[in-house]
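>
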Amino acid sequence: VRRETESIQIGGRGKVTSVKNQQQCVEMLSGMEGNILLTTGSKELPLYCQKPELRERLFVRVLPGEESLRICREQGLTGKQIIAMQGPFSKELNVALLNQFHISCLVTKESGETGGYPEKLAAAAELQIPVIVIENPESRKQETSHSVLSAELEGSSETAEVSGLSLQETAAALEHITGKQIFLKKIKVVLAGIGMGAPGVFTEEVKREIKQADYLFGAKRILSSLPEQWNTKAKKQNLYLAEDIFSCLSEELKHTQQNRLSAVLLFSGDIGFFSGAKKAWETFAQWEKELEQAGIAVELSCCPGISSVSYLSAKSDISYQNAKILSLHGASGKTVGQAGEEYAAERQREEIEKAVRTAEKERTVFLITSGLSDIKALGHAIAERKNLNIRMTIGYQLSYPEEKIFTMEPENCGSLQEEGLYTCILENEAYQEPRLTHGYPDESFCRGKVPMTKEEVREVSLCKLRLTQNAVLYDIGSGTGSIAVEAGALSENIKVYAIERKEEALGLIRENCKKFGLGNVELVAGTAPEALEALPVPTHGFIGGSGGNLKEILALLYRKNPNMRVVITAVTLETVGELAEIGREFPITEEELVQISVSRAKAAGRYHLMQAENPVYLMSFRFAPERESEEEKV
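Numbering (this note's numbering), first residue to last: 11 to 644.
(1) If I'm right that Ala202 touches Val274 with Cβ under 8 Å, what's the distance once you round it to whole angstroms?
(2) So, do the region 324 to 333 and the region 279 to 289 have three or more beta carbon pairs nearer to each other than 8 Å?
(3) Do Leu518 and Gly555 have their beta-carbon atoms positioned less than 8 Å apart in this structure?
(4) From His156 to Val11, what does the alpha carbon distance come to, in whole angstroms?
(5) Would you mind reading off the limits of the beta strand (DSSP E) that contains Leu116?
(6) Taking Thr433 as part of the beta strand (DSSP E), name the residues at either end of that continuous run.
(7) Would you list the residues sitting across from Ile504 in a DSSP beta bridge?
(8) Is the beta carbon of Ile81 sitting closer than 8 Å to the one on Leu55?
(9) If you draw a straight line from the alpha carbon of Gly189 to that of Val29, how long is it in whole angstroms?
(10) May I ask you to list the residues that DSSP assigns as paired with His618?
(11) What did DSSP end up calling Asn530 once you bin it into helix, strand or coil?
(12) For the beta strand (DSSP E) containing Lys246, name the first residue and the last one.
(13) Considering just the uninterrupted stretch of the alpha helix (DSSP H) at Thr585, what are its terminal residues?
(14) If you reduce the DSSP assignment to three classes, tell me which class Gln34 lands in.
(15) Can you name the start and end residues of the beta strand (DSSP E) that Ala605 belongs to?
(16) Determine the burial state of Leu127: buried for a count of at least 16 other Cβ atoms within 10 Å of its Cβ, exposed for fewer.
(17) Within the region 201 to 228, note down every full beta strand (DSSP E) run reaching 3 residues or more, in order along the chain.
(18) Which residue spans inside the region 394 to 475 form an unbroken beta strand (DSSP E) run of at least 3?
(19) Is the region 389 to 396 touching the region 362 to 369 in the sense that three or more CB pairs, one from each, lie closer than 8 Å?
(20) Return the chain-ordered list of same chain residues with a C-beta closer than 6 Å to the C-beta of Leu483, the five sequence neighbours on each side being excluded.
(21) Nearest to Lys53 by CA position, among Leu39, Met38 and Arg83, is which residue?
(22) Look at the alpha carbon of Glu351 and the alpha carbon of Leu108, and state the distance between them as a whole number of angstroms.
(23) Identify the continuous beta strand (DSSP E) that holds Ile144 and give its terminal residues.
(24) Which same chain residues end up closer than 7 Å to Ala634 when comparing Cβ atoms and leaving out the 5 residues on each side of it in sequence?
(25) Between the Cα of Cys115 and the Cα atoms of Gly86, Met418 and Arg67, which residue gives the shortest distance?
(26) If I measure Cβ to Cβ from Ala223 and keep anything under 8 Å in the same chain, skipping five residues before and after, which residues do I get?
(27) Roughly how many whole angstroms lie between the Cα atoms of Val172 and Glu120?
(28) What does DSSP give as the partner residue(s) for Val375 in the beta ladder?
(29) Three-state secondary structure (DSSP) at Thr27?
(30) Say the cut is 7 Å; is the CB of Arg594 nearer than that to a heavy atom of the ligand MN?
(31) What's the C-alpha gap between Val72 and Gly228?
(32) Nearest-angstrom Cα distance between Ala544 and Cys523?
(33) Taking the alpha-carbon of His339 as reference, which of Ser318, Met629, Leu322 and Lys325 has the nearest alpha-carbon?
(34) Who are the Cβ neighbours of Gly430 in its own chain at under 8 Å, not counting the five residues just before and after it?
(35) Does the separation of the CB atoms of Thr403 and Ser326 fall below 8 Å?
(36) Can you give me the Cβ contacts of Thr27 inside the same chain, cut-off strictly under 8 Å, excluding the 5 residues immediately before and after it?
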């Protein structure tokens, strides 16, 4: 009885062509154009590399071993043609590779689930790239094998070799031969939340799973909180990483006569709430198919727990249905050495500042903390902001006998001394409903003598920028930072780089960012385009001042992101003339050029007269892919 990897039907997967062997594949590729991604390994490379024209178009994905790399080099493949990677490969990674190397055809062997065959076909289908599949010789025997198996089970006296059987068919054949029932080994893994930690808040479902488990995994604090009488036979392991748990259970199955193991991985709080359970689930799910091929079935399930947020909300009578919920857990984690301590302190400061900025904008914020250090730092940061009126409700050692829930003035948090588990609620007693539109009046900015983009021009500019969530905006020639402030205030997920060369202006940008409580605006001192080189790739750009370097700035922006959106303002006729030339210098689309004229009413005795501001020209566009020249079109 022989078990083979099961073939996967390729119907409906897109442009897929099946060939019987490697030679047929080479002949077919010779008649095609474009780059080829070869995923059949390194042993057959000499066959594909015989023809120079074919070899030049090859990109080969091989294992990152010395033997594979040696064969690639011997066949004349250059470094850029060799993708040395260890699987498994997801559909998304396959799509990325096909796009990165501009692949026109994918070559693969017909293999099973564990060979990544479905993921390759799915990626090629998504991009509409043709696939050549080299058939698995065993797949052509399966139909015969199935009929032979059927004859054997029905008691036929004829015998024949049985090949290409699935795992289930192999088990059925062996059961018929031996007369014994065959059980595949099984691992049951339960991801369970234990709430705040005291046994009294464990759900009955979690208790039941703990009592039935062969293994209990979790942090030492969690394992030590379990009543001994709940399960005297279970092995307790201070492990919480899925990789370590998988290795432990796999090794146990090799040496045990049991066909079934039950393991519970315990997490504090609720597994769906700032928990490591999500990553653990994803890791176990990846291994599920691999284990099934080895005859081990995996059963995954989840048991929720009570979160500290819902517990504190009920105990303090403060609703969390519309609250913002943040976690500081890990912001002040254990580190080694001075450099590690400095990094931890900086990370804690950043997380605390983010929490305070959130509390300034929200009515209620629930915080899960790492302990006493976070509470002290949080109280100090709130007390420093004189304009804030925050009420702090603190929960200490929730669910344990020493539980305390109390309110405290932020400036008094430094007096707390007891280490332990803390959860905190911040209530903004000066909360105001947020505006639905952008637009701060000019008078709200720190101005000095630095020119500033006026209010009406800012609003039109922001509309033309069409900012999105997670946008990265360059505000070039930021001045007072009014555009940077307006953009940064739209969403914490927008990252703004305010580029400015004048010291007075840099000082004003700092003051304005602090005044508006923005942590997502970063100052960059320098002259564009040089100051832009080291910055992350932008998605949007606003040019309020170019210092005479407009074309050079646009050239750098186009090189960084040839699909970004740009808005430029101009006051002088010379700059307006440059705007007219942009469409000839760069490939652009969605081009608009508008003039904005604003007049303001000013009192003159008993009357009001309209006083005009300087007209402003505003150009907006998106970079486009490189245009074909007339010769290329011909």
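Think of the CB as a built atom: it goes at the ideal place given N, C-alpha and C, for glycine as much as any other residue. Because the structure is a prediction, the values reported are computed rather than measured.
Well, looking at it:
(1) What you label residue 202 is simply residue 192 of the sequence shown in a count that begins at 1. What you label residue 274 is simply residue 264 of the sequence shown in a count that begins at 1. About 5 Å; that satisfies the 8 Å criterion.
(2) no
(3) What you label residue 555 is simply residue 545 of the sequence shown in a count that begins at 1. What you label residue 518 is simply residue 508 of the sequence shown in a count that begins at 1. No, these two residues do not count as a Cβ contact at 8 Å.
(4) The residue given as residue 156 occupies position 146 in the sequence shown. The residue given as residue 11 occupies position 1 in the sequence shown. Note that His156 has pLDDT 49, beneath the 50 cutoff, so the model's placement of it is unreliable and the number below is only indicative. Rounded to whole angstroms, His156 to Val11 spans 12 Å at the Cα level.
(5) Residue 116 sits at position 106 when you count from the first residue of the sequence shown. Note, Leu116: beta strand (DSSP E), Ile113 to Lys119.
(6) The residue given as residue 433 occupies position 423 in the sequence shown. Counting along the chain, the beta strand (DSSP E) containing Thr433 begins and ends at Tyr432 to Asn438.
(7) Here residue 504 is taken as the residue at index 494 of the sequence shown, counted from 1. Bridge partners of Ile504: none, in fact.
(8) Mapped onto the sequence shown, residue 81 falls at position 71. Mapped onto the sequence shown, residue 55 falls at position 45. Cβ distance < 8 Å, so Ile81 and Leu55 count as in contact.
(9) Locating residue 189 in the sequence shown gives position 179, counting from the first residue. Locating residue 29 in the sequence shown gives position 19, counting from the first residue. If I take the Cα positions, the gap works out to 41 Å.
(10) Along the sequence shown, one-based indexing puts residue 618 at 608. Ala613, per the DSSP bridge assignment.
(11) As a position in the sequence shown, residue 530 is number 520, starting the count at 1. Three-state DSSP puts Asn530 in coil, outside helix and strand.
(12) Taking the sequence shown and counting its residues from 1, the one referred to as residue 246 is at position 236. Start and end: Lys245 to Gln247.
(13) Within the sequence shown, the letter at position 575 stands for residue 585. For Thr585, the uninterrupted alpha helix (DSSP H) segment begins and ends at Leu583 to Glu595.
(14) Counting from 1 along the sequence shown, the entry for residue 34 is found at position 24. Helix at Gln34.
(15) Within the sequence shown, the letter at position 595 stands for residue 605. Reading off the sequence shown, one finds Gln at residue 605, where the question assumed Ala. Here the beta strand (DSSP E) through Gln605 covers Ile598 to Ile606.
(16) Within the sequence shown, the letter at position 117 stands for residue 127. With the sequence shown as reference, residue 127 is identified as Tyr, and Leu is not the correct amino acid for it. Label assigned to Tyr127: buried.
(17) 225 to 227
(18) Listed in chain order, they are 400 to 406, 414 to 418 and 432 to 438.
(19) yes
(20) Locating residue 483 in the sequence shown gives position 473, where the first residue counts as 1. Answer for Leu483: Ala497, Val506 and His550, listed in chain order.
(21) To locate residue 53, count along the sequence shown from 1; it is residue 43. Comparing Cα-Cα distances from Lys53 to each of Leu39, Met38 and Arg83, the minimum goes to Arg83.
(22) Your numbering for residue 351 matches position 341 in the sequence shown. Your numbering for residue 108 matches position 98 in the sequence shown. If you take the alpha carbons of Glu351 and Leu108, they lie about 43 Å apart.
(23) For the purposes of this step, residue 144 is taken as residue 134 along the sequence shown, with counting starting at 1. Note, Ile144: beta strand (DSSP E), Val141 to Ile144.
(24) Position 624 of the sequence shown holds residue 634. Apart from the 5 residues on each side of it in sequence, Ala634 sits with its Cβ closer than 7 Å to the Cβ of Pro597, Ile598 and Thr599 in its chain, given in chain order.
(25) Within the sequence shown, numbered from 1, the residue matching residue 115 stands at position 105. Measuring from the Cα of Cys115, the nearest candidate turns out to be Arg67.
(26) Mapped onto the sequence shown, residue 223 falls at position 213. Correct list, in chain order: Val200, Asn241, Ala244, Ser272, Ala273 and Val274.
(27) Position 162 of the sequence shown, counted from the first residue, corresponds to residue 172. Position 110 of the sequence shown, counted from the first residue, corresponds to residue 120. The predicted model places Val172 with a pLDDT of 43, which falls under 50 and marks its position as unreliable, so this point remains unresolved.
(28) Here the question's residue 375 lines up with position 365 in the sequence shown. DSSP, once it has assigned bridges, lists Lys334 and Leu436 as partnering Val375.
(29) In the sequence shown, counting from the first residue as 1, residue 27 sits at position 17. Residue state, collapsed to three classes: strand.
(30) The ligand MN is absent from the structure shown, which contains no ligand whatsoever.
(31) Taking the first residue of the sequence shown as position 1, residue 72 is located at position 62. Taking the first residue of the sequence shown as position 1, residue 228 is located at position 218. Rounded to whole angstroms, Val72 to Gly228 spans 38 Å at the Cα level.
(32) Sequence index remark: in the sequence shown, residue 544 carries index 534 (1-based). Sequence index remark: in the sequence shown, residue 523 carries index 513 (1-based). Roughly 22 Å between the two C-alpha positions.
(33) For the purposes of this step, residue 339 is taken as the residue at position 329 of the sequence shown. Across the set Ser318, Met629, Leu322 and Lys325, the C-alpha of Ser318 shows the shortest separation from the C-alpha of His339.
(34) Residue mapping note: residue 430 aligns to position 420 of the sequence shown, counting from 1. Gly381, Leu382, Tyr406, Gln407 and Glu412, listed in sequence order.
(35) Here residue 403 corresponds to residue number 393 of the sequence shown, with the count starting at 1. Here residue 326 corresponds to residue number 316 of the sequence shown, with the count starting at 1. Less than 8 Å divides the Cβ of Thr403 from the Cβ of Ser326.
(36) Within the sequence shown, numbered from 1, the residue matching residue 27 stands at position 17. Excluding positions up to five away in sequence, the list reads Met38, Pro140, Val141, Ile142 and Val143.
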